[in-house]
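Participant: The structure follows.
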């Protein structure tokens, strides 16, 4: 009775490679673009209002970084995690990919919460009027908090791609073949008449005599 061993489909491995390359490109683009968008949006005007002071109403504005510094900080963490994904493997890569996804989710949440936050303007109103209990009037917000949230969505997407396809991506420290498998190291032949070859073989932990 003969046994037939199953062999992998010849197209399955290239398909995995294509999926890894596409997911890698999407993750890199999404993560880098999302971090840039979140950082840029945090520097823009998020809210504006007026404060009642002697002589009339005083206009006030607040940038995103004055409202909350969390989205920008999380965007930087996400960008660092995106780079670190390629420096680790296996469980470490999963953990870093999870950090990347959490950074994106945190950016979204804090940016949306900052869209309705008036504490920065209230503080400016108290400084302008000299009254610590002063608050602002005619409060309005711009679209920049939601732009920062959109950047967070892109970072989150990069994290989810890393969690799903990160095992197919190469690592910085590894030597890889065409399909992502480690490339075997082959020892160079040692010429016994060349002392430098003998020393190099000894440094590599090899027996230069071939015994």
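Numbering (our numbering), first residue to last: -1 to 209.
Glycine included, C-beta positions come from ideal geometry on N, C-alpha and C.
Mind checking residue 21: buried by the 16 CB within 10 Å criterion, or exposed?
Facilitator: The residue is buried, with at least 16 neighbouring Cβ atoms inside 10 Å.
Participant: Which of the three DSSP states, helix, strand or coil, is assigned to residue 44?
Facilitator: Three-state DSSP puts residue 44 in a strand.
Participant: Would you mind working out which of 86, 46, 161, 62 sits nearest residue 55, comparing C-alpha positions?
Facilitator: Nearest of 86, 46, 161, 62 to residue 55, Cα basis: 46.
Participant: May I have the straight-line CA-CA distance separating residue 61 from residue 110, to the nearest angstrom?
Facilitator: Distance between the alpha carbons of residue 61 and residue 110 is about 14 Å.
Participant: Does the structure place the segment 114 to 124 close enough to the segment 98 to 106 that three or more beta carbon pairs sit under 8 Å?
Facilitator: No: the two stretches stay apart, fewer than three of their Cβ pairs being nearer than 8 Å.
Participant: Measure the Cβ-Cβ separation of residue 157 and residue 93 and say whether it is below 8 Å.
Facilitator: Cβ distance not < 8 Å, so residue 157 and residue 93 don't count as in contact.
Participant: Helix or strand or just coil, what does DSSP make of residue 92?
Facilitator: Residue 92: helix per DSSP, three-state reduction.
Participant: Whose C-alpha, out of 116, 138, 95, is nearest the C-alpha of residue 64?
Facilitator: For residue 64, the nearest C-alpha among the options comes from 116.
Participant: Flag this pair as yes or no: are the beta carbons of residue 38 and residue 152 separated by less than 8 Å?
Facilitator: No, the Cβ-Cβ distance between residue 38 and residue 152 is not below 8 Å.
Participant: Just the C-alpha distance for residue 218 and residue 78, rounded to the nearest angstrom, thanks.
Facilitator: Since the first and last residues shown for the chain are -1 and 209, residue 218 lies out of range.
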